[in-house]
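From first to last, the protein sequence lines are chains A and B.
So in the numbering used here, spot 60 of the first sequence is number 50, and the numbers just go up one at a time.
For the numbering used here, count along the second sequence from 1 and bump the result up by 14.
C-beta: ideal position from N, C-alpha, C; glycine also.
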Amino acid sequence: MIFEVIVNVSLKEAVLDPAGQSTGKILHNMGFGVENVRIGKQIKMNLNAENMNEAKENARQMAEKLLANPVLETYDIVVKEL
Amino acid sequence: MKVGIIIFPGSNCDVDTIEAVEQLGAQALPLWYTEKSLKDAERLILPGGFSYGDYLRSGALAAQAPIMEAVEKAIAEDELPVLGICNGFQILCERGLLPGALRPNSSGEFRCTWEYMRITSVPRGLSGLKEGDVLRMPIAHHEGAYAVNPGQLQPLFENHQVFLQYSDEMGSVHALTNPQGSVANIAGICQGPVVGLMPHPERAMQSYFGSADGHRFLRAWLGEGSQ
Chain A
-9 MIFEVIVNVS
1 LKEAVLDPAG
11 QSTGKILHNM
21 GFGVENVRIG
31 KQIKMNLNAE
41 NMNEAKENAR
51 QMAEKLLANP
61 VLETYDIVVK
71 EL
Chain B
15 MKVGIIIFPG
25 SNCDVDTIEA
35 VEQLGAQALP
45 LWYTEKSLKD
55 AERLILPGGF
65 SYGDYLRSGA
75 LAAQAPIMEA
85 VEKAIAEDEL
95 PVLGICNGFQ
105 ILCERGLLPG
115 ALRPNSSGEF
125 RCTWEYMRIT
135 SVPRGLSGLK
145 EGDVLRMPIA
155 HHEGAYAVNP
165 GQLQPLFENH
175 QVFLQYSDEM
185 GSVHALTNPQ
195 GSVANIAGIC
205 QGPVVGLMPH
215 PERAMQSYFG
225 SADGHRFLRA
235 WLGEGSQ
């Protein structure tokens, strides 16, 4: 079975995000009332797995081992059957 | 002639560009990115570098810096000649003052090499260069692969906006002379008085540095403003 896996990686709240800060400052200059702008990453893929549980477990391992750095980042996973 | 050179936070080719312009007999006028006016600049260069640390996308944040409103206005109202080099080219594309965008190199690598390139069409106002001339200048970038939306490429050629293409020494443009996956080997684009290119003419000012073709290019761009 093929699953669509989406892993959203974000910096932990306490971690400084200079890219987000600069982007927030520019958005503010452009006239938008924004605060606390944070930049994350979305990693999207198709995954071959036997069932939903296996797909979720694979996604979790990919996030833990490579896609997110647990020291700095948190992640959430969305898995959907294709 | 006074040539305004905009310095953004993270520009790092500004000093070389000032030096290059002055070598050519023009007066360099450094302009800080927070300025609201271009003072009495008669031409403008957006130099290379890594404005705003390349955050979000290369050039995306600098494209919204305060001075860019004045740049846009001067182009629209006074046809001010503007040259964007490397990050300056990215900024002009992000602001919509030039068509297309620069995406990450297809190799995934930062490319820092000397390249040959052919003048495919002479941008308005450049003198002393002709179609088919081959220049040798360095590139140094990670996001330098020129890209356009589907259907946008042919009009760029038809309107003579593709002025510079990576080529071999003889001026022949083919896949082997494409350093980073630019569509149609495009190295530079122009639109009215606005010219942008990824290669660095300010780093090719003397033959003992590897090439003086940047000197030739900038002299052509300065036109009668150079000596």
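{"Check": "So is residue 48 (chain B) buried or exposed if we call it buried at 16+ other beta carbons inside 10 Å?", "Outcome": "exposed"}
{"Check": "Along the segment 72 to 83 of chain B, what residues have a CB closer than 8 Å to any CB found in chain A?", "Outcome": "75, 78, 79 and 80"}
{"Check": "Could you check what DSSP says for residue 73 (chain A) in three-state terms: helix, strand or coil?", "Outcome": "The question about residue 73 (chain A) has no answer here: the residues shown for chain A are numbered -9 through 72."}
{"Check": "In the DSSP assignment, what residue or residues form a beta bridge with residue 34 (chain A)?", "Outcome": "A:-4"}
{"Check": "Could you spell out where the beta strand (DSSP E) holding residue 152 (chain B) opens and where it closes?", "Outcome": "148 to 155"}
{"Check": "If the cut-off is 8 Å on Cβ atoms, which residues from the segment 58 to 69 of chain B count as contacting chain A, listed in chain order?", "Outcome": "66, 67 and 69"}
{"Check": "Just curious, the alpha helix (DSSP H) that residue 23 (chain B) is in, first and last residue?", "Outcome": "From DSSP, residue 23 (chain B) is part of no alpha helix (DSSP H); its letter is neither H nor E."}
{"Check": "Using the Cα positions of residue 49 (chain A) and residue -5 (chain A), report the straight-line distance between them to the nearest angstrom.", "Outcome": "7 Å"}
{"Check": "Going by DSSP, which residues form a beta bridge with residue 202 (chain B)?", "Outcome": "B:178 and B:211"}
{"Check": "Per the contact definition of three or more C-beta pairs closer than 8 Å, is the segment 202 to 215 of chain B in contact with the segment 85 to 96 of chain B?", "Outcome": "yes"}
{"Check": "For the segment 11 to 32 of chain A, enumerate the residues whose C-beta is nearer than 8 Å to any C-beta of chain B, in chain order.", "Outcome": "12, 13, 16, 19, 20 and 29"}
{"Check": "Only counting the same chain, and skipping five residues up and downstream in sequence, which positions put a Cβ closer than 6 Å to that of residue 171 (chain B)?", "Outcome": "none"}
{"Check": "Using beta carbons (cut-off 8 Å, strictly below), is residue 9 (chain A) in contact with chain B?", "Outcome": "yes"}
{"Check": "Residue 57 (chain B): beta carbon under 7 Å from a heavy atom of the ligand ZN?", "Outcome": "For the ligand ZN, the structure offers nothing, since it holds no ligand at all."}
{"Check": "Pull up the distance between the alpha-carbon of residue 20 (chain A) and that of residue 51 (chain A), whole angstroms please.", "Outcome": "40 Å"}
{"Check": "Closest to residue 8 (chain A) by CA distance: which of A:-9, A:-8 and A:30 is it?", "Outcome": "A:30"}
{"Check": "Using the DSSP secondary-structure output, state which residues sit across from residue 64 (chain A) in a beta bridge.", "Outcome": "A:0"}
{"Check": "Keeping to the same chain, check which residues put their C-beta closer than 6 Å to that of residue 176 (chain B); ignore five residues upstream and five downstream.", "Outcome": "134, 170 and 200"}
{"Check": "Identify which residue in B:69, B:58 and B:50 has its Cα closest to the Cα of residue 97 (chain B).", "Outcome": "B:58"}
{"Check": "Does residue 31 (chain B) pass the burial test, meaning 16 or more other C-beta atoms within 10 Å, or should it be called exposed?", "Outcome": "buried"}
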